[in-house]
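J.:
Number of protein chains: 2
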Amino acid sequence: MPSTNLTFPNRAAHRTWLASQAALPAGFRVGTARFDFMPREAPKPAKMSLTLIALDRPTADFAAVFTQNAFPGAPVIVGRSRLGEPTLGAILVNNKISNVCAPGGVAASERVCTETARLLGLTPREVLPCSTGVIGWTLPVDAMVAALPAAVAALASGSILPAAEGIVTTDLYPKIRRADLAGGGSIVGIAKGAGMIEPNLATMLVYLFTDVALPRDLLRAMLARAVGPTFNSISIDSDTSTSDTVALVSSTRVPCGDLAAFEAALMTVCRDLAEDVVRNGEGVRHVIRVVVTGAADAAQARALGKAIVNAPLFKCAVAGNDPNVGRLVQAIGKHVGAQAPGTDLSRLTVRMGGNEIFANGVFQLNPEKEAALVAHLRGAELYASAPPKDGVFTAAVDYPPHERCVEIEVALGAGGSAATVFGGDLTHEYVSENADYRS
Amino acid sequence: MPSTNLTFPNRAAHRTWLASQAALPAGFRVGTARFDFMPREAPKPAKMSLTLIALDRPTADFAAVFTQNAFPGAPVIVGRSRLGEPTLGAILVNNKISNVCAPGGVAASERVCTETARLLGLTPREVLPCSTGVIGWTLPVDAMVAALPAAVAALASGSILPAAEGIVTTDLYPKIRRADLAGGGSIVGIAKGAGMIEPNLATMLVYLFTDVALPRDLLRAMLARAVGPTFNSISIDSDTSTSDTVALVSSTRVPCGDLAAFEAALMTVCRDLAEDVVRNGEGVRHVIRVVVTGAADAAQARALGKAIVNAPLFKCAVAGNDPNVGRLVQAIGKHVGAQAPGTDLSRLTVRMGGNEIFANGVFQLNPEKEAALVAHLRGAELYASAPPKDGVFTAAVDYPPHERCVEIEVALGAGGSAATVFGGDLTHEYVSENADYRS
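Chains L and S, in that order, are what the protein sequence lines are. The first sequence maps to residues 104 to 542 in our numbering. The second sequence maps to residues 104 to 542 in our numbering.
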């Protein structure tokens with residue numbers, strides 16, 4: 104759970120909304136278990152949750168993409184090899200320790216898979232292991248094995264909510280998104296991720312489940328197409344996790360009536376989950392949406408949007424409701440100067456909250472526009488800017504609050520491609536949460 | 104002046120030390136003036152300092168390098184053209200407004216140069232203009248012209264301290280470094296810069312003055328060589344200013360007896376000033392020194408070092424004296440995964456404070472090492488980690504405190520090249536200072 108004290112005015116409404124998203128597609132069951140253990144590398148005890156998602160019968164039709172960090176976690180190494188297996192029967196996720204470059208990490212992951220398989224009547228290679236949490240510590244394998252029977256005993260169909268709650272670390276709230284297909288069947292997805300988020304070809308932990316029957320090659324092609332404009336278009340802090348994983352699993356219960364509708368629904372679920380990850384990002388009090396248009400290609404547009412949402416000075420200014428748009432243009436200039444020097448920026452226009460702030464090579468500023476920009480930033484705030492005296496923040500909006508963003512439009516006038524990128528501000532809460540994450 | 108309340112236990116000793124560095128080389132005079140004005144784009148008054156550095160007689164021998172940001176300030180545009188002029192007679196620096204992409208910005212800079220030249224008996228193109236401060240606002244030219252006679256009247260030889268104090272914005276203290284050459288003559292340098300600091304081929308505002316006579320081509324070649332391992336090897340926040348300028352000016356009074364000694368002295372002054380800029384970086388409470396060895400080339404080594412000092416999660420952990428070395432290795436893996444996938448990292452070793460934390464592909468951690476790492480971080484702290492109850496931070500060390508760093512060694516085992524990079528932690532003070540910089 105996060106170390107900042109955030110409360111929502113309408114947590115009950117949020118729970119009701121989550122429940123409305125949580126129905127499991129046919130063929131899946133979820134069970135969790137929680138226990139205390141003593142990390143080998145640290146002097147005090149910690150808590151871990153195990154989250155088990157089991158298929159009623161193993162499926163050949165599953166897809167996954169993983170982090171491009173050069174130090175992938177042991178579960179990522181194991182997971183990549185699972186893509187070559189004929190069937191998948193279960194996914195086991197633990198939080199608290201990510202099992203990255205820890206001594207004996209792959210063997211530890213495999214042992215947990217073996218025990219899970221034994222309890223479920225599967226082969227070990229039918230189990231996909233995933234871990235998230237502190238990098239560098241070793242998995243408490245014995246304690247995990249001891250807790251596994253409780254997770255198996257808890258397996259139930261119906262709701263994915265226990266899994267959405269089980270996989271979190273610093274997340275502010277569980278994240279569930281679904282799409283129900285007109286032709287029958289559904290897609291439901293859950294996500295974990297709040298910091299170390301600038302995915303590179305994949306992201307954090309995301310699990311997408313469907314009962315719609317589609318062959319694995321098609322699922323894998325669709326997932327590869329979906330991650331670019333969704334999970335690869337967000338950044339909370341420019342850091343790329345060593346555990347990023349997105350998995351898509353079909354229980355093959357419902358024939359697919361409309362391929363295009365399925366892919367569109369998959370894209371929507373991915374986009375909503377990606378935005379959820381930003382909205383509950385560590386310390387995020389303003390979500391920043393950057394729409395870049397007129398680019399030579401989509402990759403250029405996305406890279407420029409990322410440069411803006413990753414510029415620390417601009418992020419701090421947004422946190423303070425300070426429309427310091429000079430820092431925004433600085434970020435564009437830094438990116439172009441370093442990555443594409445010589446690019447023609449003479450047709451660049453920049454808007455914030457609909458107000459033109461830069462055109463024809465110069466800023467378009469005056470005290471009235473400044474006031475309008477401050478109002479836009481204040482209106483986009485998710486929580487109060489300064490901690491109230493009792494130390495408890497109260498959210499200004501109910502959840503899921505998809506309506507509030509700092510809106511930035513960057514028109515390059517240099518081509519026909521576009522991209523939308525989501526990021527957040529840089530706040531005291533981010534620093535507090537990360538200056539002593541492990542304590 | 105910075106918005107955080109920092110005091111030093113021995114400010115008098117720091118002033119004494121600064122004075123010991125401050126003697127101006129022969130042939131230069133310094134004068135400053137300070138005044139109030141009303142910015143056109145903002146609703147409340149502001150203060151500006153003018154800093155004038157004049158040569159007793161114009162010199163042909165000067166060098167300058169400028170920002171690679173694609174939106175250079177008007178003074179940078181003007182300054183680049185000055186490099187083609189036969190002589191330089193004066194440098195005029197203003198703080199508070201950087202004159203970047205403001206309407207009529209180049210004309211404003213030129214008008215200030217014209218008025219400065221008139222007062223000094225120079226031609227306008229013998230004056231190098233420099234501006235630093237808020238991006239996007241327009242220069243108060245009339246107010247600057249009205250204040251110029253006071254700066255001219257204040258011109259005095261002897262000490263560069265008034266200039267070092269005049270050019271600052273959010274700097275914690277003025278920065279002066281010097282080298283006295285055995286063969287006669289000296290180099291003295293001043294620097295401004297505390298945020299928006301990840302220089303790209305040049306940096307912030309740095310002025311280096313010497314009385315040693317060297318032709319301009321040689322000065323320019325030496326300056327180009329000096330900025331790589333010094334100003335281009337630091338990052339406070341990964342942002343690249345639109346105003347970065349480093350100028351080197353000779354008054355040609357003293358013959359150069361030893362070229363190599365001069366270049367070595369120039370490198371030392373640049374390295375010390377670069378480190379000063381990090382040590383007084385916005386909110387910096389730990390300086391992080393990363394030494395990368397065994398790289399294929401120096402550019403790779405420097406880029407990897409930058410990736411480490413720019414990783415927000417690692418910077419936050421350092422701020423909290425939390426040796427979360429998983430985030431350090433994450434930063435290495437992110438950089439290699441994105442920039443050089445396929446690089447062999449099997450021989451990588453990483454040390455912090457002399458303690459081996461990663462070798463043979465796995466972390467080397469235990470509770471005793473954790474305690475040693477915490478002690479190293481605490482010992483490298485410049486100020487108390489948490490604000491005392493009266494809101495005033497007290498520095499733990501006197502100035503100039505060049506001895507305290509978080510020491511990180513990254514040995515790649517892949518080649519013979521190395522680089523040293525300096526950066527800082529990410530603290531509440533950085534967020535506070537930048538969430539409402541303009542107020």
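C-beta atoms are modelled at their ideal positions from N, C-alpha and C, and glycine is treated no differently.
Give the secondary structure of L/Lys150 by DSSP, where H, G and I count as helix, E and B as strand, and everything else as coil.
T.: Residue state, collapsed to three classes: strand.
J.: Using a Cβ-Cβ distance cut-off of 7 Å, determine whether L/Thr343 contacts chain S.
T.: Closer than 7 Å to some Cβ of chain S, the Cβ of L/Thr343 qualifies, so yes.
J.: Do you know how far the Cα of L/Thr396 is from the Cα of L/Ala282?
T.: Distance between the alpha carbons of L/Ala282 and L/Thr396: 29 Å.
J.: Among residues of its own chain, excluding the 5 on either side of S/Met104, which ones have a beta-carbon nearer than 6 Å to its beta-carbon?
T.: Below a pLDDT of 50, predicted positions are generally treated as unreliable, and S/Met104, at 28, falls in that range; no measurement from the model is reported.
J.: Would you please verify whether the beta carbon of S/Glu532 is less than 7 Å from any beta carbon of chain L?
T.: Chain L, which has no Cβ nearer than 7 Å to the Cβ of S/Glu532, makes this no.
J.: Just by C-beta distance, which residues in the stretch 445-457 of chain L are closer than 8 Å to chain S?
T.: Taking 8 Å as the Cβ-Cβ cut-off against chain S, the residues of the stretch 445-457 of chain L that qualify are Thr446, Leu448.
J.: Under the three-state reduction of DSSP, which class applies to S/Ser106: helix, strand or coil?
T.: Note that S/Ser106 scores a pLDDT of 33, beneath 50, so its modelled location is shaky and nothing firm can be said.
J.: Output, in chain order, the set of chain S residues within a Cβ distance shorter than 7 Å of L/Arg430.
T.: Correct list: Ile238.
J.: Would you tell me roughly how many angstroms separate the C-alpha atoms of L/Val513 and L/Val394, rounded to the nearest one?
T.: Distance between the alpha carbons of L/Val513 and L/Val394 is about 6 Å.
J.: By a C-beta neighbour count over all protein chains shown, 10 Å radius and 16 as the cutoff for buried, is L/Thr107 buried or exposed?
T.: Low confidence applies to L/Thr107: its pLDDT is 41, below 50, so where it sits in the model is not reliable enough to give any reading.
J.: State the CB to CB distance for the pair L/Leu225 and L/Ile270, rounded to an integer number of angstroms; the pair is presumed to be in contact (CB under 8 Å).
T.: That belief does not hold up - the Cβ atoms of L/Leu225 and L/Ile270 are roughly 20 Å apart, past 8 Å.
J.: I'd like to know if S/Glu471 contacts chain L, where contact means its C-beta is closer than 7 Å to some C-beta of that chain.
T.: It does not: the Cβ of S/Glu471 has no partner Cβ on chain L nearer than 7 Å.
J.: Smallest Cα separation from L/Ala483: which of L/Val534, L/Asp340, L/Ala422, L/Leu448?
T.: Of L/Val534, L/Asp340, L/Ala422, L/Leu448, the residue nearest in Cα terms is L/Ala422.
J.: Taking Cβ positions only, does L/Cys419 come closer than 7 Å to chain S?
T.: Closer than 7 Å to some Cβ of chain S, the Cβ of L/Cys419 qualifies, so yes.
J.: Suppose you measure from the CA of L/Phe525 to the CA of L/Gln433; what does that come to, to the nearest Å?
T.: Looking at the two C-alpha atoms, the distance is approximately 19 Å.
J.: May I ask which residues mark the beginning and end of the beta strand (DSSP E) holding L/Glu512?
T.: Where L/Glu512 is concerned, the enclosing beta strand (DSSP E) stretches over 509-514.
J.: Please go through the same chain and pick out, in chain order, the residues whose beta-carbon is closer than 7 Å to the beta-carbon of S/Ser201, but skip the five residues on each side of it.
T.: Closer than 7 Å at the Cβ level, and outside the excluded window around S/Ser201, lie Gly176, Ser234, Thr235, Gly236, Val237, Ile238, Thr345, Ser346.
J.: Between which two residues does the alpha helix (DSSP H) carrying L/Glu378 extend?
T.: Counting along the chain, the alpha helix (DSSP H) containing L/Glu378 begins and ends at 362-382.
J.: Could you name the residues of the stretch 171-184 of chain L whose beta carbon sits closer than 9 Å to any beta carbon of chain S, in the order they occur along the chain?
T.: Cβ contacts with chain S come from Gln171, Asn172, Ala173, Phe174, Pro175.
J.: Out of S/Thr371, S/Gly386, S/Asp314, S/Gly360, which has the shortest C-alpha to C-alpha gap to S/Arg556?
T.: No answer is possible for residue 556 of chain S: the residues shown for chain S start at 104 and end at 542.
J.: Just tell me which of S/Asp164, S/Ala205, S/Arg323, S/Gly207 has its CA closest to the CA of S/Glu229.
T.: Measuring from the Cα of S/Glu229, the nearest candidate turns out to be S/Asp164.
J.: My understanding is that L/Val179 touches L/Thr170, with C-beta atoms under 8 Å, so please give their C-beta distance in whole angstroms.
T.: That pair is a contact at about 6 Å.
J.: To the nearest angstrom, how far is it from the Cα of L/Thr452 to the Cα of L/Asp245?
T.: Those two C-alpha atoms are separated by around 59 Å.
J.: Could you work out which residues of chain L lie near S/Ala401, taking near to mean beta carbons separated by less than 9 Å?
T.: Those within 9 Å of S/Ala401 in chain L number zero; the least Cβ separation is about 18 Å.
J.: With DSSP as the reference, label S/Asp320 as helix, strand or coil.
T.: Residue state, collapsed to three classes: helix.
J.: Measure from the C-beta of L/Lys409 to each C-beta in chain S and report whether the shortest distance is under 7 Å.
T.: No, L/Lys409 lies away from the interface with chain S (no Cβ there is under 7 Å from its Cβ).
J.: Kindly indicate which residue of L/Gly408, L/Gly386, L/Thr162 has the alpha-carbon position closest to the one of L/Ser535.
T.: Checking every option, the nearest Cα to that of L/Ser535 belongs to L/Gly386.
J.: What are the uninterrupted segments assigned as alpha helix (DSSP H) that are 4 or more residues long and contained completely in the stretch 231-284 of chain S, given in chain order?
T.: 244-256, 264-269, all fully within the stretch 231-284 of chain S.
J.: Which partner residues of L/Met455 appear in the DSSP bridge assignment?
T.: DSSP, once it has assigned bridges, lists L/Asn458, L/Ile511 as partnering L/Met455.
J.: Using a Cβ-Cβ cutoff of less than 6 Å, which residues in the same chain neighbour L/Tyr533 once the five nearest sequence positions on both sides are dropped?
T.: Counting only Cβ-Cβ distances below 6 Å, and skipping sequence neighbours, we find Glu385, Gly386.
J.: Ordered along the chain, which non-local residues of its own chain (more than five positions away) have a Cβ less than 6 Å from that of S/Gly286?
T.: Around S/Gly286: Gly360, Asp361.
J.: What separation, rounded to the nearest whole angstrom, lies between the Cα atoms of S/Leu416 and L/Leu416?
T.: If I take the Cα positions, the gap works out to 16 Å.
J.: Beta-carbon separation of S/Asp528 and S/His438 under 7 Å?
T.: No.
J.: Per DSSP, which residues does S/Lys295 bridge with? Please list them.
T.: Answer is S/Leu308, bridged to S/Lys295.
J.: Counting only Cβ-Cβ distances shorter than 7 Å, please list the residues of the stretch 189-221 of chain L near chain S, keeping chain order.
T.: So the list reads Val203, Cys204, Ala205, Pro206, given in the order they occur along the chain.
J.: Pair every Cβ in the stretch 247-257 of chain L with every Cβ in the stretch 130-143 of chain L, then say whether three or more of these pairs are closer than 8 Å.
T.: Cβ pair count under 8 Å is three or more, so yes.
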